[in-house]
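Shown next, in structure tokens, is the structure this report addresses.
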Amino acid sequence: MTDTHIPAQQPETSGNKLGTIWSAFRRDPAANIVIILVLVQAACIIGGLLYPDDFRYLSGLNMKTLLRAIPQIGFIAVGVAILMIAGEFDLSVGATFTLAGLTMAAFYAAGVPVVFCVMAALAIGVAIGLVNGFLTLTFAIPSFIVTLGTMMILRGVILYASGTATMPFRPEPWFDSLLTGQIGFLQAQFLWFLGFVIAAWLLLSWHRIGNHVLSVGGNRGAANAIGVNVFKTKMFAFGAAGFMAAMSGIVSTTRVNSVSPIQGQGLELQAIAACVIGGIALTGGRGSALGVFAGATLIYTVQNVLLLIGAPGYYLDAFIGLVLVAAVIANGVMNRRG
Amino acid sequence: MPLDTNTAPLLNLRGIGKTYGRTEALSDVDLHVNQNEVLGLLGDNGAGKSTLIKILSGVVDRTTGDIEADGTPTDIRNRQDSAKLGIETIYQDIALVGPMSIWRNMYLARELCNRFGFLRRREMRDTTVDILRKGVEITGVDDPEAEVGGLSGGQMQAVAIARAVHFRSKILLLDEPTSALSVRETENVLKYMVDLREEGVSSVFVTHNLYHAFQVCDRFVVMAHGRKIADVTKADTTIEELTKLIVAH
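Chains A and B, in that order, are what the protein sequence lines are. Position 294, counted from 1, in the first sequence is what this note's numbering calls 294; the numbers after and before it change by one each time, with no gaps. Position 226, counted from 1, in the second sequence is what this note's numbering calls 226; the numbers after and before it change by one each time, with no gaps.
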């Protein structure tokens, strides 16, 4: 074993500022997938310009559909990503999503002011996350198993509480526009999504807590030996996953003005798929907010393209699966090439 | 031999015991670490060396015993306590986080932050560059953004040691630090321990390799079955005698 020399990064000067940004980007675990996303978007835009009648990618209606769909999975994926980077999973986020929506709608129907309904829904989300975390960490059980259990329990609770009926939720107009209103050609929920992505980026790349999240997922034993509080850090990540799942449930319930008990099924796996496509390691310790954004956007872009070219709806999941496997292989190949 | 026996030992442990359920890992162990000293902690597998190191570093909580630092009673119950006393540990299974960069590892759990908890990244990166340049003969690494997982075993151990030294530790605990290293890297780590002693950092060196121990240590503590069976200075013993002590028990 000889000492391999790793070249120093050039000191930043105004001349190679772009180069510095580029090398920082290349270090991001999501770099490859962002490049793929840009290529896919470019292809879609060119296709939309060349064949505006047959491929309506750029039409106002399609853009609206796309930008509305991305945040639903995107919110959940932001939380799941933080948790996966901390080295844990949460399969109960889909059920948390539904239960949060249900809680908000039920409280609202009972005459509680909408702000408190939202706070109750978020509190439920965080509480579920913290219970998942507590069980996982106290009894040293894999979080995959714990949250599989809580997912099934919560599904039962949802059916019991809702009686399988869809519950309406028609809040005041100001609340509607705050969460799902139209702002220019963007929708409020997309801006909220961007806000959470930026918050996650600040957390993971620039904050002490994010540094600890990366460390407990990267090497739990080492992080503990060095002095990171593993329990607190992982509890934070579980709480974040629950919070973001509830957030997604709140926004979706507001958008469709109702919540149904079967809503949210399958979202847990889609969120994990979005994270993995975005370069977040299943083994923990590696991943970025940029990746969550790219992963969630890519999944829905591909779904959207399939719908536009008239592929039958049943096959959408199959194509997500295909994108997932292809993205993981592409990521692996590109990483090996360095 | 830079042994200073006039002042109180840096660290003085008395009657340390540790039980796991009904298993007694350590019983009634006295151990002291002097200033400017490399102490060799020797013994066969299961002798209790690692448990003792873990108690000192605050990762394992002792069952019985008292601890004094510089002559005043103190306590080590967790990693924060040991950090306050200036104790840093270098582990056999290198305690670094592989997917993180060198500077993030260097400052993990001791991040320089503003008052909102945001990292002062530039400052930490620049300091890391300085630290790496100082120890560059051993590391051959000078990019603070390099991922630790991509370094060789010796480079990783060097980063771990550089971290310990940078945070002004008084006592370095090295638990089999060379077991995963090449011959050349091992020589570098041993030399590092001697250099650090000159700079006023004491070390406790756990090893199976008596030749390594004899090369750098000023004093030896031999353990067997959770007890201390010998405490001798280098001048009063030989490799043969130490070997006999370890094998006999």
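Where is the CB? At the ideal position from N, CA and C, for every residue including glycine.
Beyond the five residues adjoining it in sequence on each side, Val114 of chain A comes within less than 7 Å, by CB distance, of Tyr108, Pro171, Glu172, Phe175 in the same chain, given in chain order. Identification of residues in the segment 272 to 285 of chain A having a C-beta nearer than 7 Å to some C-beta of chain B yields Gly285, given in sequence order.
The beta carbon of Ala237 of chain A sits closer than 7 Å to the beta carbons of Ile82, Leu83, Ala86, Glu88, Val213 from its chain, once the five residues preceding and following it are set aside; these are given in chain order. Counting only Cβ-Cβ distances below 7 Å, Ser215 of chain A has contacts in chain B at Val97, Met100, Leu108, in chain order. Note on geometry: alpha-carbon atoms of Arg133 of chain B and Gln41 of chain A lie some 44 Å from one another. Here DSSP, grouped into helix, strand and coil, assigns Ile299 of chain A to helix.
Taking the C-beta atoms as reference points, Val194 of chain B is found nearer than 7 Å to Val216 of chain B.
A contact is defined here as three or more CB-CB pairs under 8 Å, and the segment 19 to 27 of chain B fails this definition with respect to the segment 229 to 236 of chain B.
According to DSSP, residue pairing for Val38 of chain B in a beta bridge involves B:Ser203. Using a Cβ distance threshold of 7 Å, Val131 of chain A and Met244 of chain A do not count as a contacting pair. In this structure the segment 212 to 226 of chain A does not touch the segment 129 to 146 of chain A; the number of beta carbon pairs closer than 8 Å is below three. Residue B:Asp175 holds the alpha-carbon nearest to the alpha-carbon of Gly43 of chain B among B:Val59, B:Leu151, B:Asn34, B:Asp175. With a minimum length of 3 residues, there is no unbroken run of beta strand (DSSP E) contained wholly in the segment 245 to 306 of chain A. Take Gly140 of chain B, set aside five residues on each side of it, and no residue of its chain has a beta-carbon closer than 6 Å to its own. With the rule of 3 Cβ pairs closer than 8 Å, the segment 273 to 288 of chain A counts as touching the segment 203 to 220 of chain A.
In the DSSP assignment, Asn132 of chain A falls outside any beta strand (DSSP E) and within the unbroken alpha helix (DSSP H) covering 114 to 138.
Residues of chain B with a Cβ closer than 7 Å to the Cβ of Gly310 of chain A do not exist; the shortest Cβ-Cβ separation is about 43 Å. Chain A places a beta carbon closer than 7 Å to that of Glu111 of chain B, counting this residue as a contact.
Contact of Gly195 of chain A with chain B is not assigned, every C-beta pair being separated by 7 Å or more. No Cβ of chain B is located within less than 7 Å of the beta carbon of Gly332 of chain A. Here Met100 of chain B carries a coil assignment [DSSP, helix/strand/coil]. Taking a cut-off of 8 Å for Cβ pairs, the segment 202 to 209 of chain A and the segment 150 to 163 of chain A do not touch, as fewer than three such pairs fall below it. Val141 of chain B sits in a strand when the DSSP states are folded into three classes. When the five nearest sequence neighbours on each side are left out, the beta carbons in the same chain lying within less than 6 Å of the beta carbon of Leu58 of chain A are those of Gly48, in order along the chain. Along the length of the segment 170 to 220 of chain B, whole alpha helix (DSSP H) runs at least 4 residues long occupy 183 to 198, 210 to 216, reported in chain order. Within the model, the alpha-carbon separation for Val93 of chain A versus Ala31 of chain A is close to 27 Å. Of all residues in the segment 201 to 215 of chain A, only Leu202, Ser205, Trp206, His207, Arg208, Ile209, Gly210, Asn211, His212, Leu214, Ser215 come within less than 9 Å of chain B when Cβ atoms are compared, listed by chain position.
For Gly17 of chain B, not one C-beta of chain A is nearer than 7 Å to its own C-beta. Contact fails between the segment 310 to 329 of chain A and the segment 56 to 72 of chain A, because fewer than three Cβ pairs, one in each stretch, are under 8 Å apart. Along the segment 21 to 39 of chain A, the positions whose C-beta sits under 7 Å from a C-beta of chain B are Arg27, read in chain order. Here Ser169 of chain B has Gly86, Ile87, Glu88, Val201 as same chain residues with Cβ atoms under 8 Å from its own Cβ, once five neighbours each way along the sequence are excluded. Look at Arg79 of chain B: its C-beta is under 7 Å from a C-beta on chain A.
Linking Val38 of chain B to Glu199 of chain B through their CA atoms gives a straight-line distance of about 12 Å. Chain-order list of chain B residues neighbouring Ile158 of chain A: empty, with the shortest C-beta distance near 36 Å, by a criterion of under 8 Å.
Residue environment for Gly111 of chain A: exposed (fewer than 16 other C-beta atoms within 10 angstroms of its C-beta). In terms of beta-carbon proximity, Val230 of chain A stays away from the interface with chain B, with every pair separated by 7 Å or more.
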